[in-house]
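Peer 1: Residue numbers (my numbering): 141 to 413.
Ideal Cβ placement from N, Cα and C applies to all residues, glycine included.
As the structure is a prediction and not an experimental result, all values here were calculated from the model.
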Amino acid sequence: MRRRPRHRPRPPARRPIVAQRLTANRKRFFFCGSAEKRVNSRAMRTLILQHTAEEKPGTLEQWLEQARFPFHVHHFYVEGPAPTAEAYDWLIVLGGPMNVDEEEKHPWLKTEKEFLRTWVASSKPVLGICLGGQLLAQALGGSVAKSEQREIGFHNVERTGSDHPALRRWPRELAVFQWHEDRFTLPEGAKNLLTSAACENQAFCHGEKLLGLQFHPESSPEWIRGNYEDFEHAPEETFVQDLAAAESSMQTKLDPMTKHFFHLLEDFVQSAR
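#1: Out of curiosity, what's the CA-to-CA distance linking Glu244 and Lys250?
#2: Could you give the DSSP three-state label for Ala133: helix, strand or coil?
#3: Which residues in the same chain have their Cβ closer than 6 Å to the Cβ of Ala279, if we skip the five residues on either side of it in sequence?
#4: Looking at the structure shown, is His212 part of a helix, part of a strand, or coil, going by DSSP?
#5: On a Cα-Cα basis, can you pick out the residue from Asn296, His246, Phe324 that is closest to Gly281?
#6: State the CB to CB distance for the pair Phe355 and Val380, rounded to an integer number of angstroms; the pair is presumed to be in contact (CB under 8 Å).
#7: Check whether the Cβ atoms of Ser336 and Asn367 sit closer than 8 Å, and answer yes or no.
#8: Going by Cα to Cα distance, which pick from Phe344, Arg309, His320 is closest to Phe402?
#9: Going by other Cβ atoms of all chains shown within 10 Å of its Cβ, with 16 needed for buried, is Gln206 buried or exposed?
#10: From what residue to what residue does the alpha helix (DSSP H) around Lys399 run?
#11: What separation, rounded to the nearest whole angstrom, lies between the Cα atoms of Glu288 and Ala338?
#12: Can you check whether the C-beta of His403 is within less than 8 Å of a C-beta belonging to chain C?
#13: Rounded to whole angstroms, what is the Cα-Cα separation between Trp319 and Glu328?
#14: Quick test of your reading: Asp229 and Ala306, contact by CB under 8 Å. State the CB separation rounded to the nearest angstrom.
#15: Can you tell me whether Val218 is buried or exposed? The criterion is at least 16 other CB atoms within 10 Å of its CB, across all chains shown.
#16: Which parts of the region 184-268 are runs of the beta strand (DSSP E), unbroken and 3 residues or longer, counting only runs that do not cross its ends?
#17: Taking C-alpha atoms, which residue in Leu333, Glu242, Ile292 lies nearest to Phe371?
#18: Find the nearest neighbour of Phe415 within the set Ala227, Leu234, Trp203, judged by alpha-carbon distance.
#19: Rounded to whole angstroms, what is the Cα-Cα separation between Val158 and Phe209?
#20: Can you give me the C-alpha to C-alpha distance between Glu201 and Phe211, rounded to a whole angstrom?
#21: Please return the same chain residues whose Cβ sits closer than 8 Å to the Cβ of Leu326, not counting the five positions on each side in sequence.
#22: Looking at the unbroken beta strand (DSSP E) that takes in Glu291, where does it start and where does it end?
#23: Gln278 lies in the alpha helix (DSSP H); which residues open and close that run?
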C-alpha cells in the first residue's frame, strides 16, 4: 500500500547471514521459561524477502536474534537473481507499498512470484505479512483486490473458530497494527483464522506450514512513525487512525501485540519444522 512519494530504490546495506545485535536502547522481549531453549533446539536458517528500503523487518530481527536463528534479508528489487532456496529452512515475506499486480512498474515481482511458487511447492515453512500474505494467497490461487475501505492504525482482530498451532497462545481478540487498502481471498483448501470489522480475512493457513497475515505484527514505534510520513487522512474514513491516535494506541497496545507475535513465531516454528 502506498504511503509516501516513490523514490529510486536505494541499494540496501549488505549484511552477513548471521543476525546482528540490536542497539542497546531498543526495548527487548524475552522468551518465557524454557521457550528459548526449545526454539534453539535446532537453528532455522531464515530467509527474509524485503520489498522496499523503508519497510524493514521490524521486531522480527529482535526475535530472530533471541532465537539465535541465522538470517539473510534478500531484496529482489535491487539484487536480481533469486537466492538458493536449499540454503534456508523457512521463509518470511514482508509487506510493501506496491500491489501484487504491479508487475509493469516492478518487474522483479515476476521473479519473486516464481520463487514463491517454487518455495510453496517445496512444503517448507513460510510466513507472509501484509503484501507477503497477499502474494502467498495469490500463489495458491486466491485473488487480491481493493478493500471497501482502508484499515490503518490499531484495530482489533478476532479469532474465527478455525485453529492452527501457531495461534496456540493467541487471544480471542487482540489489537494489531494495520496498514492496507487491499485484501486477499482465501485460496482453495485454506482456512481463515482471524477477522476484523473492516476486513474479513486477516490471517489464513494452508496446512500447517504456510501462514499469511494481513496486518503488521512486526511493527515497532519507529516503523509505525515512518509509515505516517506524508500520510493523508480523510476524517470520514472509519478504520483509519491518524498519527496522534496511533501514538496514543501504542502506549497500551504495542507491547501485547509484540508479545503475542513472538509467541506466534515460536509456535509456528515448533509446529512447522
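Peer 2: Here's the rundown:
#1: 9 Å
#2: Only positions 141 to 413 of the chain appear in this structure, which leaves residue 133 out of reach.
#3: Leu256, Arg257, Val260
#4: strand
#5: Phe324
#6: Not quite, the Cβ-Cβ distance comes to about 14 Å (not below 8 Å), so this is no contact.
#7: no
#8: Arg309
#9: Residue burial is scored here from C-beta neighbours: Gln206 has at least 16 other C-beta atoms within 10 angstroms and is therefore classed as buried.
#10: For Lys399, the enclosing alpha helix (DSSP H) covers residues 383-412.
#11: 8 Å
#12: Among the chains of the structure shown, chain C does not appear; only one protein chain is present.
#13: Roughly 26 Å between the two C-alpha positions.
#14: The Cβ separation is near 16 Å, so there is no contact.
#15: exposed
#16: 186-189, 211-214, 230-233
#17: Ile292
#18: Absent from the model: residue 415. The displayed extent of the chain is 141 to 413, so no value can be given.
#19: Confidence at Val158 is low in this model, with a pLDDT of 39, below 50, so its placement is unreliable and no value can be given for it.
#20: Roughly 9 Å separates the two Cα atoms.
#21: Cβ within range, chain order: Ala277, Gly282, Asn332, Asn341, Phe344.
#22: 284-299
#23: 271-279
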